[in-house]
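Asks: Residue numbers (our numbering), protein chains in the order written: chain A, 1 to 235; chain B, 1001 to 1075.
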């Protein structure tokens, strides 16, 4: 059933895909930047500072999405003993971590003109910082441990513990009084954001998603070649 | 027009700083990942070149090795 996920089968696709993903990313990010920096309107309260949303929000969404995917793949990989799922998780994590850092830093930059402070121990900011720590521990675990079975086990545990934080990040604005406003975009109900701001936000999210796919493909190919290098040593 | 885009009603510093930081993170991540990829690929080429003809033929029989070798021109 899982033969389709064998590295030999997917390398022929993953090795050719990066250049096309890169081209698509450049096109989408160019449209997104024009929309976000020039065409989208200013906010009636936050004025032009609202434009930071176009890098802050997609980064936060993608970082949460990647961590959830990493957890899902690690758990399924551990249960069904699919080593390739660990390889995919390991290749996804660096871009998730970088997006987490971007969300924290751009949030801090946005906080200064909006709230008057660079940092506050607000529930959402703190939970995002905790998520960054889980990413860091996950990435360090891959670097520290050489024993494959042990690293599969330890990274699965890290992701299971870390994923508990994901709904906390999402619902922190509803559960506690925070500086952050409640969610403006809802999939199942009416969004409070105007279409003129929603459109650039979607474009920028698509561009960021393409960038994370690009990094994932490059990392994944690197990991596969690393394995093959070890194979050549044994010949 | 350009002045308006740069100054952004006095919020230009914050908006441009956020976009610039994001751009720098993207470039750094891309460059680091590309360097790692190129390094592993070069290692593979070197190791493959050091194999004797019998071992090289065996290694070449594996489809993934063939794919890696066919991608050498892309690095």
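Note that the Cβ used here is the ideal one computed from N, Cα and C, for glycine as well. These numbers were taken from a predicted model, which means no experiment stands behind them.
Would residue 149 of chain A count as contacting chain B if we go by Cβ distances under 9 Å?
Replies: False, the Cβ-Cβ gap to chain B never drops below 9 Å.
Asks: Is residue 1075 of chain B buried or exposed, if buried means 16 or more other CB atoms sit within 10 Å of its CB?
Replies: Here the model assigns residue 1075 of chain B a pLDDT of 46, short of 50, so the residue's position is not dependable, and the following value carries that caveat. The residue in question, residue 1075 of chain B, is exposed, as its Cβ has fewer than 16 Cβ neighbours within 10 Å.
Asks: Going by other Cβ atoms of all chains shown within 10 Å of its Cβ, with 16 needed for buried, is residue 122 of chain A buried or exposed?
Replies: When all chains shown are included, residue 122 of chain A counts as buried.
Asks: When the cut-off is 9 Å and only beta carbons count, does residue 233 of chain A lie next to chain B?
Replies: Judged by the 9 Å Cβ criterion, residue 233 of chain A is in contact with chain B.
Asks: For residue 77 of chain A, count neighbouring C-beta atoms within 10 Å of its own C-beta (all shown protein chains included) and say buried if the count is 16 or more, exposed if not.
Replies: So residue 77 of chain A counts as buried.
Asks: Quick one: any contact between the segment 220-234 of chain A and the segment 77-88 of chain A, if contact means 3 or more CB pairs under 8 Å?
Replies: Yes: at least three Cβ pairs fall under 8 Å.
Asks: How would you label residue 51 of chain A, buried or exposed, when you count the other beta carbons within 10 angstroms and need 16 or more for buried?
Replies: Looking at its Cβ environment, which holds 16 or more other Cβ atoms inside 10 Å, residue 51 of chain A is buried.
Asks: Determine the burial state of residue 124 of chain A: buried for a count of at least 16 other Cβ atoms within 10 Å of its Cβ, exposed for fewer.
Replies: Residue 124 of chain A is buried by the Cβ-count criterion.
Asks: Could you tell me the distance, in whole angstroms, from the CA atom of residue 70 of chain A to the CA atom of residue 1032 of chain B?
Replies: Going by the C-alpha atoms only, they are around 21 Å apart.
Asks: Could you tell me which residues DSSP puts in a beta bridge with residue 172 of chain A?
Replies: None, per the DSSP bridge assignment.
Asks: What residue range does the alpha helix (DSSP H) around residue 193 of chain A cover?
Replies: Counting along the chain, residue 193 of chain A falls outside any alpha helix (DSSP H), and DSSP gives it neither H nor E.
Asks: If I'm right that residue 194 of chain A touches residue 110 of chain A with Cβ under 8 Å, what's the distance once you round it to whole angstroms?
Replies: With a Cβ gap of about 19 Å, residue 194 of chain A and residue 110 of chain A do not count as contacting.
Asks: At 3 residues or longer, what runs of the beta strand (DSSP E) sit wholly inside the segment 97-176 of chain A?
Replies: As far as the segment 97-176 of chain A is concerned, it has no whole beta strand (DSSP E) run of at least 3 residues.
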